[in-house]
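S.K.: Questions regarding the structure given below will be posed in turn.
Protein chains: 2
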Amino acid sequence: MDIKNKSITSRDEDFAQWYTDVCKKAELMDYTSTKGFIIYRPYGYAIWESIKNYLDKEFKETGHENVYMPLVIPQSLFQKEKDHIEGFAPECLVATLGGGSEIADPLIIRPTSECVFTDHYAHIISSYRDLPKKYNQWCSVVRREKTTRPFLRGSEFLWQEGHTMHASEVEAKEETLKMLEIYDNLGKDLLAIPFVKGRKTEKEKFAGALETYSIEALMHDGKALQSGTTHYFGDGFAKAFGVQYLDKDGKIKNPYQTSWGVSTRLLGAIIMVHGDDNGLVLPPFVAPTQAVIVPIQIAKEGVMKKCHEVYDELKKSGIRVKLDDSDKTPGWKFAEYEVKGVPLRIEIGPRDIQNNVLTIVKRNDGAKEQISIDNVTSEVNHLLKRMHEEMYQAAFKNLLANIKEVHSYEELKEVVNKGGYAKMMWCGNEECENKIKEDTNATSRCMPFDQTFFDDVCPVCGKKAKYVIYFAKAY
Amino acid sequence: MDIKNKSITSRDEDFAQWYTDVCKKAELMDYTSTKGFIIYRPYGYAIWESIKNYLDKEFKETGHENVYMPLVIPQSLFQKEKDHIEGFAPECLVATLGGGSEIADPLIIRPTSECVFTDHYAHIISSYRDLPKKYNQWCSVVRREKTTRPFLRGSEFLWQEGHTMHASEVEAKEETLKMLEIYDNLGKDLLAIPFVKGRKTEKEKFAGALETYSIEALMHDGKALQSGTTHYFGDGFAKAFGVQYLDKDGKIKNPYQTSWGVSTRLLGAIIMVHGDDNGLVLPPFVAPTQAVIVPIQIAKEGVMKKCHEVYDELKKSGIRVKLDDSDKTPGWKFAEYEVKGVPLRIEIGPRDIQNNVLTIVKRNDGAKEQISIDNVTSEVNHLLKRMHEEMYQAAFKNLLANIKEVHSYEELKEVVNKGGYAKMMWCGNEECENKIKEDTNATSRCMPFDQTFFDDVCPVCGKKAKYVIYFAKAY
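So the sequence lines, in the order shown, correspond to chains P and A.
Counting from 340, one number per residue, gives the positions in the first sequence under this note's numbering.
Counting from 340, one number per residue, gives the positions in the second sequence under this note's numbering.
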């Protein structure tokens, strides 16, 4: 057995430690001397780049344009929308010194950019012809957190934030749901993660929004992870910032606004949905390296030549392939790429070459296959697709097995304490939400779009049920 | 004539105002209420994305990996390299408050990331096997500037910063020059800008570097614009931050370091090298929209159908094409895309359709051509290539015409006051550099790689000449 593998704590022993081990050993990130500010190492950043490429294409195809807004927001501007400033003030990092002298209107390092976008929209929107405006930005944001964990909760994280303005309420609400759909598809197509999705409660919605929607993923330990949100703002920000336009009918109106974002938190989701006791397991389409070639008996005649041939062929066909020709042992390499979750390992040795075959090992289940070298590209493509499907199905099965309809408060406590989602009927009162949180530490995750009632009353207070809702402990 | 065009100040009347007009009217940027922090609007940001895509590919092909480092640098860490802190301290934006309370070790918003990269390298480099490390990061940096101008000098700008570590001095120096070459190629391939390149003097080099190299572009007004720099650090930072490794020979050594970067300043170069009195003129390969189709008599039967056909064909072949089917007049559209510098305008009207032709107008010289609709894709591709070549050659001719060998101090003053580069023999003493700056406001730009001497003495002091050097007024 390899030392590197052994140094990863097992998931069942200590899930939190397992998580940190994987983050570090798979070289996804490193800590810095500033609490909550992490380094996104090449391997971790490359996963984020995969996500970025997928989403950027989707955003552009649905008519969104990228922009870049200032990193800093003057305190005076930030205070224009009351709920918003109240929500964010406790977490803000504030710059007060510039070039050695004090800044009169201190500068908040953006925790989110609703204020600067809306302020900009006030300058560039004046006619119905200027609508809709659909902007997106890729950047980092800063929120000072007391408890920090790599990717899940940090003082700085990478994300995209979309901010759009629409002439009608209907169009803005459609945008809010359309973007949620794109996030959901990201899970299906790229991350092999099935999400539970729906609307947030008043208590859990975004500071300043009228409606917040989210995608929620279920981690291996039974906790939920909010993995992306979309917000409908109505015209509240627009009014506070004076965004108005002359409509076709000659009337001055305020536009309706949305915002939406996903972040490097998704790396946390990938790790905790798919990882195993040997480390990371990357879904094939998001993996920076989809297949790694490990030469066996590297010094033997013909081995490196054949490895290069296979490498060239796979690379040419667009597969993200790596050939490890370093002088480390095959055993070291096996362990290394296992920890890093590379989907396929391809072994090529002298005997294989003699028989014109190679061995492929799938990271998700360790299944080993010998195939003809002549078919390597089609076989690798086939295995990548199959592995994605297997990983998605495994996660989906796990999700379904961990959603339990609860009919009593006792049942609810049991389910959330065990881990997984309690699907409950809810009266709609924040008191019940608060009570659940106090008693179990579980929070409301979202109210699914399918609102088929399965009980008449809220099991917490016994009052008339209004919503189907999910509760779970969450990151 | 169109109102929009008229509102751009002519270049000869007031170059600075012309520049600001183009930035605003071409919708490249907008100001914010925070001095020096600008908004990169969709059109401006898309140009940056073109540059980014080109360079990112080059960086990756030459073995560099992307990472993301923290936005903030603790003051204590920043102070480890003496020259570096002295160079940057006056410009630093400093965060002193986090979540309402004071931060013990104030956080500098990164003006550049040598410190965090080197600190990280100290953690991950321990053996000769770990070298080289070649990292790059795309991000924004903050430097408080007193005088600010869009893209040229701002409190925040977008850039890439490469930071590499090498086992040998030779390899690190090679990297420094190789990256300069990549920047130079960016000018040739994408921006249609010829650069003067060479080494910076001691006075002008980067804070903490042993050697700095730069590419310098010549603007329409005869001023130079430093457009990119690469730095060789020796092992100074490595020693200050304790980066060391065990070499093959069993000895502990410090690696040799480089850094290099280009920024959104390149947008300023594009504007001032190529722009004219009608606005922006974009080099075809960097242009977000390479060709715009303007329907003539849009309501006439068959016009929109033909426009869509041409649009679909061009788009399918990979050309970045836009079809403006808005209800604005053709005249308004002509002016709009002229200001925005779209390389090719394609006009399609009822009579054209009858004759199976369309009209293409080239933005750089207004040349008009009627071509068969059947050949539109090959013709557009051909014109884009030709236009790039023409723009590069025009800029190159202008550059050559504005480099003057000077043999006396009087001649130097005359040349730099008129605008353009004075090519001079220099004794190597900072006193002469300082005197030139005091007398003319020109600064040393760089010492070219071709050091063919054309005089024996420095015309400022009369002492023995050591270097060929360029002086010019600069942004």
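Note that CB positions come from ideal geometry on N, CA and C, so glycine has one too.
1. Among A:775, A:505, A:430 and A:736, which residue has its Cα nearest to the Cα of residue 747 of chain A?
2. Can you give, in chain order, each stretch of the alpha helix (DSSP H) that sits fully within the segment 413-499 of chain P and has at least 4 residues?
3. Tell me the DSSP secondary structure of residue 661 of chain P in three-state form.
4. What would DSSP say about residue 790 of chain P, mapped onto helix, strand or coil?
5. On a CA-only basis, which of A:625, A:507, A:552 and A:622 is nearest residue 574 of chain A? Give me that one, please.
6. Could you give the first and the last residue of the continuous alpha helix (DSSP H) run that contains residue 742 of chain A?
7. According to DSSP, residue 652 of chain A sits in a beta bridge with which residue or residues?
8. Consider the C-beta atom of residue 493 of chain A and the heavy atoms of the ligand FMN; say whether any pair is separated by less than 6 Å.
9. Give a yes or no on whether the minimum CB-CB distance between residue 393 of chain P and chain A is below 7 Å.
10. Please classify residue 637 of chain A: does DSSP put it in a helix, a strand, or coil?
11. I want to verify the contact list: residues of chain P whose CB lies under 9 Å from the CB of residue 647 of chain A, in sequence order.
12. Can you give me the C-alpha to C-alpha distance between residue 363 of chain A and residue 768 of chain P, rounded to a whole angstrom?
13. Spatial neighbours of residue 716 of chain P within its chain, please: CB distance less than 8 Å, with the 5 preceding and 5 following residues excluded, ordered by chain position.
14. Given this structure, state the Cα-to-Cα distance separating residue 584 of chain A from residue 666 of chain P, to the nearest angstrom.
15. By the three-class DSSP mapping on this structure, what secondary structure does residue 403 of chain P have?
16. Are there 16 or more other CB atoms within 10 angstroms of the CB of residue 486 of chain P, so buried, or fewer, so exposed?
17. Decide yes or no for the touch test of the segment 496-507 of chain P against the segment 455-468 of chain P: beta carbon pairs closer than 8 Å, at least 3 of them.
18. Who are the near neighbours of residue 397 of chain A in its chain, counting only those whose CB is closer than 7 Å to its CB and skipping five residues on each side?
19. Provide the residue span of the beta strand (DSSP E) that contains residue 572 of chain A, from first to last.
20. Give the range of the beta strand (DSSP E) segment to which residue 600 of chain P is assigned.
21. Using C-beta distances below 8 Å, list every residue in its chain close to residue 792 of chain P, excluding the 5 sequence neighbours before and after it, in chain order.
22. Taking three-plus beta-carbon pairs below 8 Å as touching, is the segment 596-612 of chain P in contact with the segment 471-491 of chain P?
23. What in chain A is Cβ-close to residue 434 of chain P, meaning under 7 Å?
24. Over what stretch of residues does the alpha helix (DSSP H) that includes residue 808 of chain P continue unbroken?
25. Taking beta-carbon pairs under 8 Å, can you tell me which members of the segment 396-410 of chain P lie near chain A?
26. When you compare only the Cα positions, how much space is there between residue 374 of chain P and residue 493 of chain P?
27. Distance check for residue 442 of chain P and residue 430 of chain P, CA to CA, integer angstroms please.
28. Would you report the Cα separation of residue 678 of chain A and residue 526 of chain A, rounded to the nearest angstrom?
29. Less than 7 Å separating the beta-carbons of residue 641 of chain P and residue 712 of chain P?
30. List the residues of chain A whose Cβ lies closer than 8 Å to the Cβ of residue 378 of chain P, in chain order.
31. Does residue 550 of chain P get closer than 7 Å to chain A when you measure Cβ to Cβ?
32. Give the secondary structure of residue 359 of chain A by DSSP, where H, G and I count as helix, E and B as strand, and everything else as coil.
33. Are the Cβ atoms of residue 410 of chain A and residue 454 of chain A separated by less than 7 Å?
34. Say whether chain A places a C-beta atom closer than 7 Å to the C-beta of residue 628 of chain P.
35. Just list the residues that DSSP pairs residue 504 of chain A with in beta bridges.
36. Evaluate contact between the segment 350-365 of chain A and the segment 794-803 of chain P, counting only Cβ atoms and requiring at least three cross-stretch pairs below 8 Å.
M.R.: For this structure:
1. It is A:775.
2. Taken in chain order, the complete alpha helix (DSSP H) segments of 4 or more residues contained in the segment 413-499 of chain P are 414-417, 421-427 and 453-463.
3. Strand, per DSSP.
4. The answer is coil: DSSP assigns residue 790 of chain P none of H, G, I, E or B.
5. When only C-alpha atoms are compared, the closest one is A:507.
6. Note, residue 742 of chain A: premise wrong, no alpha helix (DSSP H); beta strand (DSSP E) at 742-744.
7. Answer is none; residue 652 of chain A lacks a bridge partner.
8. The ligand FMN is not part of the structure shown, which contains no ligands of any sort.
9. With 7 Å as the cut-off, residue 393 of chain P does not count as an interface residue toward chain A.
10. Under the three-state reduction of DSSP output, residue 637 of chain A falls in the coil class, being neither helix nor strand.
11. Taking a Cβ-Cβ cut-off of 9 Å, residue 647 of chain A has no neighbours in chain P, whose nearest Cβ is about 17 Å from it.
12. Residue 363 of chain A and residue 768 of chain P: Cα-Cα distance of roughly 51 Å.
13. So the list reads 652, 653, 656 and 658, once near-sequence residues are dropped.
14. Those two C-alpha atoms are separated by around 19 Å.
15. Three-state result, residue 403 of chain P: coil.
16. The residue is exposed, with fewer than 16 neighbouring Cβ atoms inside 10 Å.
17. The segment 496-507 of chain P vs the segment 455-468 of chain P: in contact.
18. Within the same chain, residue 397 of chain A has close Cβ partners 521.
19. Going by DSSP, residue 572 of chain A is part of the beta strand (DSSP E) stretching over 563-573.
20. Taken as a continuous stretch (DSSP letters only), the beta strand (DSSP E) holding residue 600 of chain P covers 595-602.
21. Taken in chain order, the residues that qualify are 764, 804 and 807.
22. Yes, the segment 596-612 of chain P touches the segment 471-491 of chain P.
23. The contacting residues are 432, 433, 434 and 448.
24. Element bounds for residue 808 of chain P: not the alpha helix (DSSP H) but the beta strand (DSSP E), 806-811.
25. Hits within the stretch, in order: 404, 405, 406, 407, 408, 409 and 410.
26. One C-alpha to the other measures close to 8 Å.
27. The straight-line gap separating the alpha-carbon atoms of residue 430 of chain P and residue 442 of chain P is approximately 20 Å.
28. If you draw a straight line from the Cα of residue 678 of chain A to the Cα of residue 526 of chain A, it comes to about 22 Å.
29. At least 7 Å separates the beta-carbon of residue 641 of chain P from that of residue 712 of chain P.
30. Under the 8 Å cutoff, chain A gives 406, 407, 408, 409, 455 and 459.
31. So no, residue 550 of chain P is outside the interface.
32. Under the three-state reduction of DSSP output, residue 359 of chain A falls in the helix class.
33. Going by C-beta atoms, residue 410 of chain A is not nearer than 7 Å to residue 454 of chain A.
34. At a cut-off of 7 Å between C-beta atoms, residue 628 of chain P does not count as an interface residue with respect to chain A.
35. For residue 504 of chain A, the beta-bridge partners assigned by DSSP are A:472 and A:596.
36. No: fewer than three Cβ pairs fall under 8 Å.
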